[in-house]
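The numbering of the sequence shown is my numbering, which starts it at 1304 and goes up by one. Glycine included, C-beta positions come from ideal geometry on N, C-alpha and C. Some notes on the structure that comes next.
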Amino acid sequence: MTVIVCVGDGGSLLFNNRRVSSDRVVTEQILAQYSHREIRMRAYSAKLFADSEHVQICEDLLAGDDEDVCFLEEALSADWLDRVSRVVVYHWNRAYPSDVKFPIEQLRSRGSMVSSMEFPGYSHDVITREEYLL
């Protein structure tokens, strides 16, 4: 399974049950890259992809098989690394307050980074996209 996540510095994901940030260039890039399949996500995340027919709203995001793609904006269970094969991380490259963090250091210690690139976003000067294999 491929997991896609967007984080601020230190892995910040959510603050007071809201995402720390978003950028429409990232949303467009995700839809373009995975245009040939559905992207699993919660209803909260689906608002970012409002006009896409590729959104599949589901409860257990990590219950799929190896071919599935999942957009995550939530805390993860302890066994999450055992359930995924690829992780795509979009870094906002900004410090945001958060009370839910993505375990970026755990990913870096167990995964192998296979690509990294920077690009300008709509609301962020520089966004970094990293891809890891597990």
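{"Query": "Could you check the C-alpha separation between Phe1422 and Ser1401 for me, to the nearest Å?", "Result": "24 Å"}
{"Query": "Count the other CB atoms, across all protein chains shown, that sit within 10 Å of the CB of Leu1436; report buried if there are 16 or more and exposed otherwise.", "Result": "exposed"}
{"Query": "Looking at the strands, I want to know which residues DSSP matches up with Phe1318.", "Result": "Arg1321"}
{"Query": "By a C-beta neighbour count over all protein chains shown, 10 Å radius and 16 as the cutoff for buried, is Ser1324 buried or exposed?", "Result": "buried"}
{"Query": "Tell me the start and end of each unbroken alpha helix (DSSP H) in the stretch 1340-1407 that is at least 4 residues and wholly inside, in chain order.", "Result": "1346-1349"}
{"Query": "Give the straight-line distance between the Cα atoms of Glu1331 and Leu1317, rounded to the nearest whole angstrom.", "Result": "21 Å"}
{"Query": "Helix, strand or coil for Ser1412? Go by DSSP, reduced to three states.", "Result": "helix"}
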